[in-house]
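Report on one structure; see the data block that follows.
Numbering (the UniProt record's numbering), first residue to last: 1 to 116.
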């Protein structure tokens with residue numbers, strides 16, 4: 001399927017406009033880790049992500065991304081329990097880098113506990 005925009009792959013760190021939001025949802029333009037497969041993203045034009053924050057709190061669903069990993073400016077945390085779906089063309093602003101295989105596996109494993 002040919003698209004006129006870049007299709008993110010699982011593990012990519014993308015910048016997404018999360019607004020509008022309500023309550024405790026992450027908002028604004030922020031990095032997020034793609035958890036859906038490139039095949040799904042290409043077929044649907046959607047991307048499923050978990051937002052990234054730089055605020056640290058001990059919390060089971062937070063997965064650490066060290067500053068040296070993922071091309072981020074500081075140590076960051078993936079919120080693996082705040083899974084969101086977005087239209088790629090309308091919401092994904094850019095892809096900056098990729099998390100390690102260990103990090104994406106940890107994100108997916110923690111997210112999976114929500115559905116057990």
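Think of the CB as a built atom: it goes at the ideal place given N, C-alpha and C, for glycine as much as any other residue.
A quick note: this is a predicted structure, and the numbers were derived from the prediction, not measured.
Exercise for review: For residue 85, I'd like the list of residues in its chain whose CB is within less than 6 Å of its CB, leaving aside the five on either flank, ordered along the chain.
Suggested key: 46 and 48
Practice item. Note the first and the last residue of the continuous beta strand (DSSP E) segment covering residue 44. Key: Counting along the chain, residue 44 falls outside any beta strand (DSSP E), though it belongs to the alpha helix (DSSP H) covering 38-44.
Practice item. Report the residue from 29, 87 and 113 whose alpha carbon sits nearest the alpha carbon of residue 43. Key: 87
Check your understanding: Going by C-alpha distance, which of 56, 74 and 16 is nearest residue 93?
Key -> 16
Check your understanding: Does the Cβ-Cβ distance between residue 27 and residue 36 come in under 8 Å?
Key -> no
Check your understanding: Which two residues bound the contiguous alpha helix (DSSP H) that contains residue 91?
Key -> 88-91
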